[in-house]
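For reference, the structure discussed in these notes is given below.
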Amino acid sequence: MPRLLLLVATLWVGSLWTVGYIVAPTLFATLADRKLAGTIAGALFRVEAWLSLACALVILTAIFCCKEMAAAQRKALLRLIFAMLVCTLIMQFGLQPAMASLRTAAAAGGMTLDVKTYFGVLHGVAALVFFIQSMLGISLMLKLK
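First residue of the sequence shown: 53, per this note's numbering; consecutive thereafter.
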């Protein structure tokens, strides 16, 4: 069972780092159309969120089924997984829909300074939540070593 945990955690954390720190910045650096880059990045982050939910469920199931795991390790892993899961839920069902609705509203009536400011604040919060989730992922990998 520990190998399954490590494999799924590697998929989860590796995909977070790849999408968030390699693919999304590369899109914005190479595409001239920032709106298109944002649309593609948003789609990738949605896929990443669903992958995160699936990985969290697999890992949680494995933790609950693994009888030979020490109680202290189980507790630490559960805390990390739940914290990472909360980050995913905040992003997927809170911040991303709010940013998408701002983009839609801006497309219809132009992006005013207020909308740009609010979008920037939401984007900053999303980046912070993603960074926290990434750091929690490092902790998870170290606990599973």
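The beta carbon of each residue, even a glycine, is placed where N, CA and C say it ideally should be.
- Considered as a whole, the region 143-181 harbours 148-161 as its complete alpha helix (DSSP H) runs of no fewer than 4 residues, in chain order.
- Non-local C-beta neighbours of residue 188 in its own chain, meaning closer than 6 Å and more than five positions away in sequence, comprise 132, 135 and 136, ordered along the chain.
- By the CB criterion at 7 Å, residue 65 and residue 193 fall inside the cutoff.
- CA-to-CA, the gap between residue 146 and residue 62 works out to about 26 Å.
- As the crow flies, the alpha-carbon of residue 181 is around 10 Å from that of residue 138.
- The C-alpha of residue 191 lies about 15 Å from the C-alpha of residue 111.
- For the pair residue 158 and residue 58, the Cα-to-Cα distance works out to about 43 Å.
- Straight through space, the alpha carbons of residue 173 and residue 79 are spaced by roughly 21 Å.
- Within the same chain, no Cβ atom closer than 6 Å to the Cβ of residue 121 is found once the five residues on either side in sequence are excluded.
- Judged by beta-carbon spacing, residue 195 lies beyond the 7 Å limit of residue 96, meaning their Cβ atoms are not closer than that value.
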